[in-house]
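Using numbering that gives the first Met the number 0, the first residue of the sequence shown is number 0, and each one after it goes up by one. Think of the CB as a built atom: it goes at the ideal place given N, C-alpha and C, for glycine as much as any other residue. The model shown is predicted, which means the values in this text are computed figures rather than measured ones. Here's the structure, in structure tokens; my notes come after.
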Amino acid sequence: MHNLGIAITGSGSAVPATSLHNQRLTELVETSDDWIATRTGICQRRLALPSESLSVLATAASNQAIASAGIKPEDLDLILLATSTPDDLFGSACQVQAKLGAIKAVAFDLTAACSGFVFGLVTAAQYIRAGVYQNVLLIGADILSRWVDWQDRRTCVLFGDGAGAVVLQASKSDRLLGFALKSDGTQNHYLNLGYTGSSQELLSGINVTKGAYQPITMNGKEVYRFAVQKVPEIIDKALFQANLTVDQIDWLLLHQANQRILDAVAQRLNIPEDKVISNLAQYGNTSAASIPLALDEAVRQGKIKPNHIVATSGFGAGLTWGAAIFQWGR
Ligand code: ACO
């Protein structure tokens, strides 16, 4: 008889060593430390060197998560890598599987931009609830610095690189208390990292496309408006599913996009500031990595303790958004 509940039993994270302070961005674009800090809450971000790969960062975070869950890589049944910036467009999860020595695990990538971690959490949970897999490694990792237009001050000040990971295990008691996911492709044009190609004649009468992915473009105002409206709604929905009220939440753990979004969402939900987890100042927006990176830090700092109830929400390109309510630990 399988245990069909889900427990999140370990976490880990890894960031590149190189940090870039706001002040140094003034050498690239017309901006200021003050503008960036007051509009976003970001002071610095980490940047991956050309020699640092996504799979290496993801593996470092994963090794910590596996160790803190008290299991071994060969115990893993499934590895999900939430990323929009794989080293290889065919996917990087298998490279992580090889680096970990997770010989039994099936591994694949999942793309949902900054919602990737929450979408991955729910995806992993379905495999466990169905009794198919018992030990799942979920990684959120991104190197958006590869895709930032460093001449575009509206975007280049926002993003940083990093990786975070959690282990989900089958458990008698179900600690994933509620979730909700949403997508709206009609707003896709607000945030893109699109492919542009031109037509090339391959053979007479047959043309193919040759091109490349283009740097991130974003309508910041629209994304801001979307986040502040949709995130409280979806957290409410997940809480309703969990049969919980807002005051029962110990921590609000949002995708770290902008401190003003964190503040506005907390205010709309009536969640006091001291329950809001934020590490934006140090890392900026690390896309799919931001939630597991902040989660791991909060666990290691002793803020998030076993049995605490965490409300998490990811939102971003797609547009996609989602929320999950879980109780930390076994
Ligand atoms: N430095 C100085 N001035 C700037 C900068 C900068 N880095 N960037 C923009 N400005 C200027 C603008 O040009 C504008 O000047 P103007 O009035 O002369 O035209 C002025 O500052 C105000 O610009 P706004 O766009 O109105 O600034 P706003 O207060 O909206 O802040 C921001 C912009 C920070 C991008 C905000 O809109 C935001 O956070 N949006 C959400 C973005 C987000 O979360 N994206 C990630 C989603 S996750 C994912 O999927 C990757």
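So which of Asp151, Arg44, Leu80 has the shortest CA-CA distance to Thr216? Asp151
State yes or no: is the C-beta of Ser286 nearer than 7 Å to some heavy atom of ligand 1? yes
Report the residue from Gly317, Tyr282, Ile308 whose alpha carbon sits nearest the alpha carbon of Ile35. Tyr282
Taking just the CA atoms, how far does Ile290 sit from Asn278? 10 Å
Report the option in Gln228, Val147, Ile234, Ala179 whose CA atom is closest to the CA atom of Asn191. Val147
Meets three-Cβ-pair contact criterion under 8 Å: the region 47–63 and the region 108–115: no
Can you tell me where the alpha helix (DSSP H) holding Tyr126 begins and where it ends? 115–128
How long is the line joining the alpha carbons of Phe158 and Leu143, rounded to whole angstroms? 7 Å
Check each candidate in Phe89, Leu88, Ala106 and name the one with the smallest Cα separation from Val95. Ala106
C-beta atoms of Ile303 and Leu294 nearer than 8 Å: yes
Counting only the same chain and skipping the five closest in sequence on each side, list residues whose C-beta sits under 8 Å from that of Pro305. Trp327, Gly328, Arg329
Have a look at Pro15 and Leu202 and give me their C-alpha separation to the nearest angstrom. 45 Å
Going by DSSP, what residue range makes up the alpha helix (DSSP H) through Phe225? 219–241
Please name the residue in His254, Ala169, Arg224 whose C-alpha comes closest to that of Leu77. Ala169
Following a CB-centred definition, is Gly163 positioned closer than 7 Å to any heavy atom of ligand 1? no
Simplified DSSP assignment, three categories, for Asn62: helix
Is it true that the CB of Ile41 sits closer than 8 Å to the CB of Val156? yes
Please confirm whether any heavy atom of ligand 1 lies closer than 7 Å to the CB of Asn187. no
Closest by CA to Ala256, which one among Thr244, Cys93, Gly313? Gly313
Identify every residue that forms a DSSP beta bridge with Ile260. DSSP output for Ile260 lists no bridge partner at all.
Label Ala129 either buried or exposed according to how many other C-beta atoms from any shown protein chain fall within 10 Å of its C-beta, with 16 as the threshold for buried. exposed
Work out the CA separation of Arg174 and Ile5 for me, nearest whole Å. 6 Å
With 16 as the cutoff for other CB atoms within 10 Å, does Ile270 come out buried or exposed? buried
Give a single yes or no on whether Leu157 has its beta carbon closer than 7 Å to a heavy atom of ligand 1. yes
My assumption, with CB atoms under 8 Å, is that Leu251 sits in contact with Lys274. Please give the rounded CB distance. 6 Å
Could you check whether the Cβ of Val330 sits closer than 7 Å to any heavy atom belonging to ligand 1? The first residue shown for the chain is 0 and the last is 329, placing residue 330 beyond what the model contains.
Taking just the CA atoms, how far does Lys98 sit from Ile335? Here the chain covers residues 0 to 329 and nothing more, so residue 335 does not appear.
Outcome for Tyr189 when other beta-carbon atoms lying within 10 angstroms are tallied against a minimum of 16: buried
Those residues which DSSP pairs with Ala140 across a bridge: Ala162
According to DSSP, is Val28 part of a helix, a strand, or is it coil? coil
With C-beta atoms as the reference, is Val166 less than 8 Å away from Thr8? yes
Host beta strand (DSSP E) of Asp108 (start-end): 105–109
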